[in-house]
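In the working numbering, the protein residues as written are 1344 to 1559.
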């Protein structure tokens, strides 16, 4: 069954709604230029509150060109499981995080995507995605609502555990899963009322549609 990551969480109510709806990964943005940015202290508080209700969930945080020492400190301090490296990080950077990180790529064409997959896919965590594919935007590192190229993503998904992001919504996620056959899907803006605030009904429909439990 396709796994679902709900990203851009900023408060415990939305995070709990995501868990209750069947989310497999909770995502937070540790990139200060994002409208969904949350501080390490906020993440710590949210996770502490969530664990009063449920303990068996996994988490990831988005970093963009953050110094690796800072990434490690934030993971250790907050209790986050994984780092999603969404900037210009190198394979060496991913390796230095010792199985606690995976790379997000924003390819513009298949050859570029295949080259990046060769560089990064084998470095992903043992129980997580090998790679994330997002839409390319020259001015933003994700969270734009723009759609990723499903044809490119499908080609990569044949050989690695792919997390598909970019422009997904309750209305198109079932088609995305059928077309790409990814390991998992990642949504942020597609289930929001405004940046950083989730629509709980949209969360439920998105997760059910992604997992093939309903037709949207």
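Glycine included, each C-beta is placed from N, C-alpha and C at the ideal position.
- Inclusion of residue 1474 and residue 1448 in the CB contact set at 8 Å is warranted, their separation being smaller than that value.
- In the three-state reduction of the DSSP assignment, residue 1463 falls in the helix class, which pools H, G and I.
- Note on geometry: alpha-carbon atoms of residue 1531 and residue 1349 lie some 6 Å from one another.
- Counting C-beta pairs with one atom in each stretch, the stretch 1374–1381 and the stretch 1356–1366 have fewer than three that are closer than 8 Å, which means they do not touch.
- Using a 10 angstroms sphere on the CB of residue 1537, the tally of other CB atoms stays under 16, which defines it as exposed.
- With contacts defined by Cβ atoms closer than 8 Å, residue 1397 and residue 1362 form a contacting pair.
- In the DSSP assignment, no residue is bridged to residue 1393.
- An exposed status is given to residue 1435, since fewer than 16 other beta-carbon atoms sit within 10 Å of its beta-carbon.
- Excluding the 5 residues flanking it on each side, residue 1378 has same chain C-beta neighbours closer than 7 Å at 1538, 1539, in chain order.
- Bounds of the alpha helix (DSSP H) holding residue 1436 are 1434–1439.
- Using a Cβ distance threshold of 8 Å, residue 1402 and residue 1525 do not count as a contacting pair.
- The C-beta separation of residue 1445 from residue 1468 comes to about 6 Å, placing the pair in contact by the 8 Å criterion.
- For residue 1477, the secondary structure class from DSSP, reduced to helix, strand or coil, is coil.
- Under DSSP, residue 1452 forms no beta bridge with any residue.
- Annotation: residue 1511 is outside any alpha helix (DSSP H) and is labelled neither H nor E by DSSP.
- Using a 10 angstroms sphere on the CB of residue 1505, the tally of other CB atoms reaches 16 or more, which defines it as buried.
- Within the same chain, and ignoring the five residues on either side of residue 1431 in sequence, the residues whose Cβ sits closer than 7 Å to its Cβ are 1408.
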